Structures are given as C-alpha cells and as structure tokens.
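Some notes on the structure that comes next.
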Amino acid sequence: MPYLTDQPVDLGSLFAAVQSPERGGVASFVGLVRDHHGGRAVLRLDYSAYGPMVEAECGRIVAEAESRWPVAVALRHRTGSLAIGEAAVAVVAASAHREDAFAACRYVIEEVKRRVPVWKREHYADGTVTWVDPTAKLQHA
Amino acid sequence: MPYLTDQPVDLGSLFAAVQSPERGGVASFVGLVRDHHGGRAVLRLDYSAYGPMVEAECGRIVAEAESRWPVAVALRHRTGSLAIGEAAVAVVAASAHREDAFAACRYVIEEVKRRVPVWKREHYADGTVTWVDPTAKLQHA
Amino acid sequence: MPAVADSSLTVRVVLFASYAEGLGFDTLDLTLASPASVGAVIERLRSLPGGQQLPPKPLCARNLAHAGPDEPLVDGDEIAILPPLAGG
Amino acid sequence: MPAVADSSLTVRVVLFASYAEGLGFDTLDLTLASPASVGAVIERLRSLPGGQQLPPKPLCARNLAHAGPDEPLVDGDEIAILPPLAGG
C-alpha cells in the first residue's frame with residue numbers, strides 16, 4: 001500500500017494492517033487540517049508532494065522505527081485538496097508493550113514532519129493563498 | 001456517555017467526541033486482549049468492574065488531563081467477556097499541539113492502569129482460569 | 001461517661017473478583033464502634049472465615065474514591081476492598 | 001591534458017511548490033562539467049531568471065534521498081530542490 005494517497009485516510013485499515021494477537025498496545029496519531037494558522041482563518045488546504053521521494057522516505061522512517069522498537073507501523077499521508085477537519089497524516093504503531101508503541105508512533109510523526117517532501121498551500125478566508133513555510137516562524141500541529 | 005461499556009469499543013465515536021476544527025492533533029491508545037500472558041496461551045478474558053467507581057475515577061482522570069494540558073479526552077473501558085484481539089480500553093486525546101495530545105493520552109492510560117477498579121480473569125488453553133494479578137510479577141501491556 | 005462510648009456506625013462493604021470468591025460474598029453491612037477508620041473494616045473482614053486471604057493492607061475505596069487505612073468512616077459509607085487492579 | 005577536462009554529466013532537476021512557481025518550471029535537464037556536486041546545481045539555478053528566490057543552501061535530494069551540497073553527482077541523477085517541508 002503506498003504511503004501517499006489522494007483518498008480520505010481510513011484509520012481502521014491502518015489499525016488492521018498492524019494489529020496482531022501478540023501486539024496488545026496500539027498507539028496512533030492523526031493530524032487534521034485546522035481552521036486557523038498564524039491567527040488567520042483557513043478555509044482549505046492543497047497538499048502537493050514529491051511522490052516518489054515520499055514513498056522512499058516514509059519507507060525509511062517506518063523501517064527505522066521497526067528496527068529501533070519491537071513494533072509494526074502503518075503510515076499514510078494525504079495529498080490533494082483537503083477540507084477543515086480532514087486527516088492529513090496518520091501513524092499507527094502496535095507493540096506488545098505500550099511504551100514501545102508510544103515511542104515509535106511519536107518518532108514516526110516527528111520524522112515525517114522533518115523529512116517527508118510535502119507542501120501545503122493554505123486558502124484563507126480573506127481570499128489570499130500562501131505556501132506554508134514552517135521555518136518562517138514558530139508553528140505547531 | 002459512560003466510561004464503562006459491555007459493547008465493543010467504537011474508536012470512531014471516541015474520535016468524533018473530541019475532534020474540533022481548532023484541535024489538529026489527535027493521539028490515541030488502544031489496549032487489545034493478547035493471546036498470551038506469562039508464557040501461557042490465553043483463549044479469552046472476562047473483565048469485571050466496580051462500575052460506579054470506574055465512572056468516578058475515570059471522570060477524575062479525564063478532568064486531571066484536561067486541566068493539565070489544553071486537550072479534550074475521550075476514554076472507554078470494556079467489561080464482560082472479550083475475545084483475543086478485542087479492544088479492552090481506548091483513550092483519545094485531541095489538542096492544537098501534538099505534544100500535548102501525546103502527553104495527555106499517555107497520562108490517561110497510565111492512570112487508568114494504576115487507579116481504575118477493573119479485574120480480569122484469564123482463560124488459558126490448558127483449561128485453567130486465573131484472576132490476573134499485575135503486582136505478582138512484572139507484566140506489560 | 002465518654003460521649004462516643006455507645007455510638008456506632010454502619011458501612012456497606014463491597015468485595016470484588018478474587019476477594020469476593022475467597023470470602024464467599026460480595027456485599028456485607030458492617031456495624032462498628034464509632035469512631036472507626038477504613039483499617040477497622042479490614043481487621044473485621046480478616047477475622048471472618050476465608051478472611052486471611054485478604055492482605056493486611058489491601059487497596060480500599062471509600063464512597064468511590066481510593067482511601068488509605070486511616071481514613072475515618074461515616075455512617076452510611078460504601079467501603080470497597082479492591083484486589084490488585086488489572087484494567088487497561 | 002587532464003582526463004576529466006572534456007567530460008560532462010547531465011542531471012534531471014525537479015522543483016516543487018513555491019520554487020517551481022518562482023522559476024516557472026518544475027523539471028529541467030542540466031548539463032554540468034564533471035565532476036560536480038549538488039551545490040553546482042543550486043548555483044546554476046540561482047543564475048536563472050527568478051533563481052534569486054532560491055536560498056543559497058536549500059534543502060536538496062539526490063535520487064529520492066536527502067543530500068547535502070557537497071554530495072557528488074552522477075550522470076542521470078535526479079536532483080530535487082525542496083522548499084521548506086510542511087507535511088503532517
């Protein structure tokens with residue numbers, strides 16, 4: 001299954017991909033499109049991506065997590081036009097131990113933000129459109 | 001909605017309960033019934049609970065998390081007879097900042113394990129049945 | 001003639017899981033000389049048939065909140081004796 | 001007569017998002033004197049119309065993996081110039 005998708009992210013299928021009878025703890029993170037950014041009202045977002053590198057880099061990140069902790073990881077990132085509240089990214093990590101599931105889930109989302117080539121163009125309520133530059137100011141999600 | 005349920009835990013409804021347009025990060029944890037414990041094969045589990053105190057203690061834990069971090073938390077714990085792979089507990093924490101969502105989610109599951117009056121009786125493949133005592137030996141989930 | 005000498009209080013004791021199985025019941029109304037604390041409930045239960053399986057300091061709750069052995073009782077309290085928790 | 005004097009290499013340059021908009025294209029085949037590194041691609045792009053909007057040290061990838069400016073090029077490489085990442 002590719003990491004990048006232009007279809008709504010189905011968390012249930014990510015859970016199904018990592019669940020197994022010996023992995024009793026499943027930690028997940030879902031990043032949703034927010035309705036504001038830097039104090040401005042956001043109407044929607046367009047995500048664009050360097051598709052082949054998204055696949056390669058996500059594959060490396062998942063492999064790193066699965067070698068560092070005894071976990072199975074599922075990861076999906078959206079591309080295309082997203083409405084407020086839609087899931088842009090989802091990570092699911094399953095393990096026999098919840099500490100490992102949490103640690104791996106956290107690692108993957110941090111590395112995705114740091115390394116995966118995806119860009120977003122925000123459409124604001126005032127009619128302007130901007131490419132988001134997280135390095136230009138402090139920003140959280 | 002009560003914290004304790006004898007019906008399958010529906011993660012989607014927990015997500016729906018905490019999602020909002022200003023909360024872009026949603027961390028969750030799901031604990032599933034595992035097929036082994038202490039080296040023995042487990043067939044199924046019966047959960048029993050001190051229902052009124054589960055409600056009171058879960059309410060306190062959620063209130064603590066929501067006062068300590070800027071989050072909305074949903075929590076559900078199963079009771080009754082569960083098969084391998086069924087969700088026994090689920091926590092979902094949503095926040096504008098993923099650090100807070102992770103921290104609150106982790107806090108809630110740790111406190112649930114430490115404070116909520118639920119017991120489980122494991123049915124093993126060899127026909128024996130035992131009340132699980134996590135204090136009797138090292139145990140993870 | 002001390003004022004508290006002839007006063008008493010009654011609490012509802014609730015047991016669960018292995019403790020309920022060991023003592024053979026899951027609720028009991030217990031009358032104690034006042035004043036009394038949670039620890040007095042434990043002592044009384046341990047003197048009953050099967051009561052020795054209760055540890056000297058089990059986890060307890062008073063009116064749906066965790067309570068230590070020194071917590072004082074009030075007439076009408078619900079006192080729960082909780083086996084090692086195994087939720088999650 | 002140095003052996004490398006007349007050799008050259010061609011790489012496929014790919015641009016994205018604000019960089020593609022600024023330079024007005026998203027792919028470009030670039031021929032450089034060999035040996036050359038990723039940094040030489042940046043220099044060449046910055047000399048093009050609109051190229052000054054590229055920072056001197058943008059994030060780059062070589063063949064789908066992050067690469068620093070000193071990473072040497074091989075004929076046929078795909079070199080991507082990446083605006084600040086905003087995924088997740």
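For the record, the sequence lines run as chains W, X, Y and V. Each residue of the first sequence is one higher than the one before, counting from 1 in the numbering used here. Each residue of the second sequence is one higher than the one before, counting from 1 in the numbering used here. Each residue of the third sequence is one higher than the one before, counting from 1 in the numbering used here. Each residue of the fourth sequence is one higher than the one before, counting from 1 in the numbering used here. Yeah, the Cβ is synthetic: ideal placement off N, Cα and C, and Gly gets one too. A quick note: this is a predicted structure, and the numbers were derived from the prediction, not measured.
Distance between residue j and residue i (C-alpha atoms, nearest Å)
i: X:Y107; j: X:P2; result: 20 Å
i: W:V71; j: W:V112; result: 17 Å
i: W:R40; j: W:Y124; result: 7 Å
i: X:V91; j: V:S18; result: 39 Å
i: W:T5; j: Y:F16; result: 50 Å
i: W:S81; j: W:K120; result: 9 Å
i: V:N63; j: W:V118; result: 16 Å
i: W:G31; j: W:Y47; result: 13 Å
i: W:E66; j: X:G85; result: 21 Å
i: X:G12; j: X:Q19; result: 10 Å
i: W:V116; j: V:E71; result: 19 Å
i: Y:D75; j: W:C105; result: 50 Å
i: X:A96; j: X:V132; result: 38 Å
i: W:I61; j: W:G51; result: 15 Å
i: V:G87; j: X:D35; result: 37 Å
i: V:L30; j: W:R114; result: 28 Å
i: W:A74; j: W:F15; result: 8 Å
i: X:G38; j: X:R44; result: 15 Å
i: V:P2; j: W:A63; result: For V:P2, the predicted structure reports a pLDDT of 47, less than 50, and the residue's modelled location is therefore unreliable. A value from the coordinates is still provided. Their backbone Cα atoms lie some 44 Å apart in a straight line.
i: V:D26; j: V:Q52; result: 16 Å
i: X:H140; j: W:A49; result: Reliability of the predicted coordinates at X:H140 is poor, the pLDDT of 45 falling under 50, and no value is obtained from them.
i: Y:P9; j: Y:S37; result: For the sequence presented, residue 9 of chain Y should be read as Leu rather than Pro. Between Y:L9 and Y:S37, the C-alpha separation is close to 11 Å.
i: X:A87; j: V:L45; result: 55 Å
i: W:Q7; j: W:E122; result: 19 Å
i: W:M59; j: W:I109; result: For the record, residue 59 of chain W in the displayed sequence is Gly; it is not Met. Their backbone Cα atoms lie some 13 Å apart in a straight line.
i: X:M53; j: Y:P35; result: 25 Å
i: V:P69; j: V:L82; result: 13 Å
i: Y:S7; j: Y:G39; result: 18 Å
i: Y:P56; j: Y:E43; result: 8 Å
i: X:E55; j: X:V89; result: 14 Å
i: X:A17; j: V:A67; result: 43 Å
Local conformation of residue i per DSSP, three classes
i: W:A125; result: coil
i: Y:L34; result: Rather than Leu, the amino acid found at residue 34 of chain Y in this sequence is Ser. Coil, per DSSP.
i: W:V62; result: helix
i: W:F29; result: strand
i: V:E78; result: strand
i: X:P2; result: coil
i: W:A104; result: helix
i: X:K120; result: strand
i: V:A86; result: coil
i: X:V9; result: coil
i: X:Y50; result: coil
i: X:G80; result: strand
i: W:R40; result: strand
i: W:A136; result: coil
i: W:S67; result: helix
i: V:A61; result: strand
Integer-rounded CB distance, given that residue j should sit under 8 Å from residue i
i: V:A80; j: V:C60; result: 7 Å
i: Y:V11; j: Y:L54; result: Between Y:L54 and Y:V11 the Cβ distance is about 16 Å, and since that is not below 8 Å, they are no contact.
i: Y:P58; j: X:T135; result: So it is not a contact: roughly 11 Å between Cβ atoms.
i: Y:L28; j: Y:G50; result: Not really, about 12 Å apart at Cβ, beyond 8 Å.
i: V:V14; j: V:V41; result: In fact, because the Cβ distance is near 11 Å, the residues do not count as touching under 8 Å.
i: X:V26; j: W:F102; result: That belief does not hold up - the Cβ atoms of X:V26 and W:F102 are roughly 14 Å apart, past 8 Å.
i: X:V9; j: X:R76; result: 5 Å
i: W:V33; j: W:A83; result: 7 Å
Buried or exposed by the 16-neighbour rule on C-beta atoms within 10 Å, applied to residue i
i: V:L48; result: exposed
i: W:T79; result: buried
i: W:D100; result: buried
i: Y:D77; result: buried
i: W:R68; result: exposed
i: V:A65; result: exposed
i: X:A94; result: buried
i: X:E22; result: exposed
i: W:G197; result: For chain W, the structure presents residues 1 to 141; residue 197 of chain W sits outside this window and is missing.
i: X:V129; result: exposed
- Residues from the stretch 20 to 51 of chain X in contact with chain Y, defined by Cβ distance under 7 Å: G31, S48 and Y50
- Task: Note down, in chain order, all residues in the stretch 64 to 85 of chain Y with a beta-carbon under 7 Å from any beta-carbon belonging to chain X.
- Result: Answer set for the stretch 64 to 85 of chain Y: L64, A65, H66, A80, L82, P83, P84 and L85.
- Message: Output needed in chain order: residues of the stretch 106 to 131 of chain X with a Cβ under 7 Å from some Cβ in chain W.
- Response: R106 and I109
- Message: If the cut-off is 9 Å on Cβ atoms, which residues from the stretch 58 to 83 of chain W count as contacting chain V, listed in chain order?
- Response: For the stretch 58 to 83 of chain W, which is checked against every Cβ of chain V, the residues closer than 9 Å are R60 and H77.
- Task: Check each residue of the stretch 21 to 37 of chain Y: if its Cβ is closer than 9 Å to any Cβ of chain X, include it; give the result in chain order.
- Result: E21
- Item | Residues in the stretch 48 to 61 of chain V having any Cβ partner in chain W nearer than 7 Å | A61
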